[in-house]
Amino acid sequence: MRKSLNKVICILTILLAFSCNNVSKKETHAVIQNKPLSLSAKQILENPKYLAISYGGYRKSNRDIQPTIAELKDDMKILSAMGIKILRTYNVHLDQASNILKAIDELKREDPNFEMYVMLGIWIDCKNAFNWDGEGPNHDLESKRNPTEVETAVSLAQQYPDIVKILAVGNEAMVRWATAYYVQPKVILKWVNYLQELKTSGKLSNNLWITCSDDYASWGGGDPSYKGNDLEKIIKAVDYVSTHTYPYHNSHYNPEFWTIPETEQNLSDLEKVDAAMLRALEFAKKQYRDVSQYVKSIDSSKTIHIGETGWATISNGYYGKEGSRATDEYKQNFYYKYIREWTANEGIACFYFEAFDEKWKDSQNPEGSENHFGLFTIDGKAKYPLWDLVDKDVFKGLTRNGNAISKTYNGDKESLLSEVLVPNTNYKR
């Protein structure tokens, strides 16, 4: 009897081993990734330990030279080390987006504990976008390539359901100051509804959230002319609202909050800067509240997260020495830490803009502010907000472009402080 029982057990063991060895790679991947597949966008966005960030990864002066998968993996390791769990991308028509997903997938296969998710951007623009020759942009009609962008994003979301947790329709695509490409809200609504229908039909996961990521004004938080029937329908259609706020830019466009009031004239220079940064945080909070108030009036169940906010460290334009003087690493440090603390306490996900400097954005002007919003320089130096993490050896053994992660200014705080400018009280836009 015992011999027979042992024989049965032996046969069952062999059959089980044979069965496991013949599980397809796809099935094995699903089993390994079981935990990430079970997490919804809601669970990720509402977890204050899951820090979010905007990411490009471009090293060169134009986007014709795409970051390699090896370079992307280096960046993923750096961001993961500082607690980043979710990235925001901006388009899918370049290799960068699909390669980011490949890089994360490879890292997860190499280390089952590696965890990173993606808010995949779908670039939406108008007919003749960025074309000022001839007819110029037609904001009432959409680009013929928008459907291709949408379908590419859908395909990537289907291919990587354990990584892609959010699809964002457009980036600042409804705000009218984006004169080169903005579209009417009805275009955004069309594609949001299309993606929601794919979820309903089972072609996209119910754990996937659909949003559009736009300026606070586009969400009804500013100019009342943006409020309308189509915007109300968008608010009801999206799974959550992704709003942008930039006190940094408003130090030029709305300098009243930035200049030094009479009650602070006797403070030291650094005390004046510190007080200005507190006003910057309050400015961001107000824009968020204004959006929230309008959105909740349309759909009280809707949550609002921050899709973009950030602070540049170099500027030779509106925000530099001859302008509002909002720009340096000292101020970036305050804003980064203030915004992280506030959003964590309030349960707001914040996609901080951005991870690394990218010089393609204003390639003809190396000191243009758009090139310098990163928390890291292109060659891998951690800016002042991250110096404490360098001290803690968080980035030990990690590199970018072959360089170990080190501090800007060689870690000399006095050198950093020598370049801090007090807000320009006499500045006129």
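Counting from -2, one number per residue, gives the positions in the sequence shown under my numbering.
Built from N, CA and C at the ideal position, the CB exists for glycine as well.
Since this is a predicted model, take the numbers as computed values, not measurements.
{"Check": "Beta-carbon contacts of SER210 that lie in its chain and below 6 angstroms, excluding the five residues immediately before and after", "Outcome": "ALA165, ASN168, SER239 and GLY304"}
{"Check": "Uninterrupted alpha helix (DSSP H) stretches inside the region 53 to 83 (no shorter than 4 residues)", "Outcome": "66 to 78"}
{"Check": "Element boundaries [alpha helix (DSSP H), containing MET274]", "Outcome": "266 to 295"}
{"Check": "PHE111 to LYS334 span [Cα, whole Å]", "Outcome": "25 angstroms"}
{"Check": "Helix, strand or coil at ALA41 [DSSP, three-state]", "Outcome": "A quick correction: the sequence has Ile, not Ala, at residue 41. Here ILE41 sits in helix by DSSP."}
{"Check": "Beta-bridge pairing of GLY118 - partner residues as DSSP gives them", "Outcome": "ALA165"}
{"Check": "Cα-Cα separation between LYS23 and THR256, rounded to whole angstroms", "Outcome": "Bear in mind that a pLDDT of 39 at LYS23, under 50, signals an unreliable position, so the model cannot answer this."}
{"Check": "First through last residue of the beta strand (DSSP E) which encompasses ASP349", "Outcome": "The displayed chain sequence assigns Tyr, not Asp, to residue 349. Its beta strand (DSSP E) spans residues 347 to 350."}
{"Check": "Where ASP137 falls: helix, strand or coil (DSSP)", "Outcome": "strand"}
{"Check": "Beta-carbon proximity check, ALA38 vs ASP236, cutoff 9 angstroms", "Outcome": "yes"}
{"Check": "Three-state secondary structure (DSSP) of TRP308", "Outcome": "coil"}
{"Check": "Collapsed DSSP secondary structure at ASN400 in the structure displayed", "Outcome": "strand"}
{"Check": "Backbone CA spacing between PHE280 and GLU107 [nearest angstrom]", "Outcome": "43 angstroms"}
{"Check": "Check whether LYS378 and SER58 have beta carbons under 9 angstroms apart", "Outcome": "no"}
{"Check": "Residue(s) in a DSSP beta bridge with THR208", "Outcome": "ALA165"}
{"Check": "ALA323 - DSSP class collapsed to helix/strand/coil", "Outcome": "coil"}
{"Check": "Option nearest PRO258 by Cα separation, candidates THR340, LEU84 and ARG276", "Outcome": "ARG276"}
{"Check": "Given CYS347 as reference, the closest of THR300, LEU413, GLY320 and ASN88 once Cα atoms are compared", "Outcome": "THR300"}
{"Check": "Candidates ASP102, LEU36, TRP129 and ALA170, of which the one nearest ASN88 by Cα", "Outcome": "ALA170"}
{"Check": "Collapsed DSSP secondary structure at LEU48 in the structure displayed", "Outcome": "strand"}
{"Check": "C-alpha gap between ILE75 and ASN263, whole angstroms", "Outcome": "42 angstroms"}
{"Check": "DSSP state of ARG85 mapped onto helix, strand, coil", "Outcome": "strand"}
{"Check": "Buried or exposed by the 16-neighbour rule on C-beta atoms within 10 Å, applied to SER412", "Outcome": "exposed"}
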